[in-house]
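Sequential numbering from 65 applies to the sequence shown in this note's numbering. Note that beta-carbon positions come from the ideal geometry of N, C-alpha and C, so glycine has one too.
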Amino acid sequence: MVFFALSRILRALITVVLIVTLAFVILRMTGDPSIIILGPEAPPLAYEAFRRNWGLDQPLIIQYFKYFWAILQGDLGRSMRDGQDALGVVMDRVPLTLALTLPALAMNLILGLSAGIFAALNRNSWIDRAIMTISVIGFTVPSFVMGLVLALVFAVKLKVLPSGGSETWLHAVLPVVTMGMIGAAVIARFTRSAMLEVLGQPYIRTASGKGLSWPAVVLRHALPNAAIPTLTIIGFMVGSLVAGAVVVESIFSWPGVGRLLVQAVASRDLAVVQAILLLIGFTMVGANLIVDLAYGWVDPRLRAERSLPIK
Numbered sequence: 065m066v067f068f069a070l071s072r073i074l075r076a077l078i079t080v081v082l083i084v085t086l087a088f089v090i091l092r093m094t095g096d097p098s099i100i101i102l103g104p105e106a107p108p109l110a111y112e113a114f115r116r117n118w119g120l121d122q123p124l125i126i127q128y129f130k131y132f133w134a135i136l137q138g139d140l141g142r143s144m145r146d147g148q149d150a151l152g153v154v155m156d157r158v159p160l161t162l163a164l165t166l167p168a169l170a171m172n173l174i175l176g177l178s179a180g181i182f183a184a185l186n187r188n189s190w191i192d193r194a195i196m197t198i199s200v201i202g203f204t205v206p207s208f209v210m211g212l213v214l215a216l217v218f219a220v221k222l223k224v225l226p227s228g229g230s231e232t233w234l235h236a237v238l239p240v241v242t243m244g245m246i247g248a249a250v251i252a253r254f255t256r257s258a259m260l261e262v263l264g265q266p267y268i269r270t271a272s273g274k275g276l277s278w279p280a281v282v283l284r285h286a287l288p289n290a291a292i293p294t295l296t297i298i299g300f301m302v303g304s305l306v307a308g309a310v311v312v313e314s315i316f317s318w319p320g321v322g323r324l325l326v327q328a329v330a331s332r333d334l335a336v337v338q339a340i341l342l343l344i345g346f347t348m349v350g351a352n353l354i355v356d357l358a359y360g361w362v363d364p365r366l367r368a369e370r371s372l373p374i375k
């Protein structure tokens, strides 16, 4: 288990380095931020002073190493627009984003797992077909379309929920439902497939043949084994929730990290954009690392394979 955990941690660290590098390179390829921030009418000397002040006049490789060294020291730079600490600006918005993503994740798990298990236990029935039809719709409809449809129905037509803002808890209902419905549909499809595969295994028939009740067979033997592949998709869902908040927060005017990212990209505020990209990347890597470790803990065969000597 120690070797397995160390290999996963090493892979996560390599991924983090790649994320830091890609965030730096991609943002430097999108143009000179001095033109956007100072405006096209600024004198040439102002552009030069801006680039010199923020180190943009130095060779790219020097900028990269300074940027990487600063990150290792916990310094993500300062906003080019107002000089505030970029990490502090982002962290001020994090609670608002968590107010959406945590309820959405709970909705993903509760609805997705229960619907997937229920569909598998009623395979080929009208219940199964109804759940899978709803799941396909939820899986294929983009989040911005889902959000706009919900806003049109519940805010414009029925007038029972607000269409934007963050003043009360009612303002969070539509964004949470938008993210929760899409994620639940994905988890339901994976859970159903995993359950059907497990229910067809010989040990399930053996457990039934020994006289165990069907609920006991499902709870003791089917669910634990079906949870192994489902864990993987849940790890991806955690990361996609954070990334998906960019779209949903923009639709519902929710002042979280996602909306800040859109504003920072539009104003070419490199330090703030980098800080948000790193936050999203670290969240996704961390979530998948936890899932990988849980995967190895739940499935002893995986640990055994990693412990075998290479022939």
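Q) Out of curiosity, what's the CA-to-CA distance linking I374 and L77? A) Only weak support is given to the placement of I374: the predicted model assigns it a pLDDT of 40, under 50, and the question is left unresolved by the model.
Q: Would you be able to state if there are at least three C-beta pairs under 8 Å between the segment 349 to 356 and the segment 300 to 314?
A: Flag = yes, the segment 300 to 314 and the segment 349 to 356 touch.
Q | Alpha-carbon spacing of V154 relative to S331, whole angstroms | A | Rounded to whole angstroms, V154 and S331 show a C-alpha spacing of 15 Å.
Q.
On the DSSP letters alone, give me the boundaries of the alpha helix (DSSP H) that E261 sits inside.
A. Taken as a continuous stretch (DSSP letters only), the alpha helix (DSSP H) holding E261 covers 237 to 263.
Q: Tell me, please, which residues DSSP counts as bridged to D149.
A: BP columns for D149 point to R142.
Q.
When you compare the CB positions of S227 and F316, do they come within less than 8 Å of one another, or not?
A. With contacts defined as CB atoms closer than 8 Å, S227 and F316 qualify as a contacting pair.
Q: Would you please state the rounded distance, in angstroms, between the beta carbons of V240 and L164? I believe it to be under 8 Å.
A: That belief holds up - the Cβ atoms of V240 and L164 are roughly 6 Å apart, short of 8 Å.
(Q) Helix, strand or coil, according to DSSP, for T326 in the structure here? (A) It is Val, not Thr, that sits at residue 326 in the sequence shown. Looking at V326 - three-state DSSP - the assignment turns out to be helix.
Q. Of the choices V326, R323, L295, V321, whose alpha-carbon is the least far from that of D356?
A. With respect to the C-alpha of D356, the residue from V326, R323, L295, V321 having the closest C-alpha is L295.
Q: Closer than 6 Å by C-beta to D192: which residues in its own chain qualify, once you throw out the five before and the five after it? Chain order, please.
A: If we look at D192 and ignore the five residues flanking it on each side, its Cβ neighbours are A183, N186.
Q: Rank W233, L120, V250, P266 by C-alpha distance to the C-alpha of F203 and give the top, closest one.
A: Measuring from the Cα of F203, the nearest candidate turns out to be V250.
Q. Taking buried to mean at least 16 other C-beta atoms within 10 Å of its own C-beta, is L342 buried or exposed?
A. Only buried fits L342, as 16 or more other CB atoms lie within 10 angstroms of its CB.
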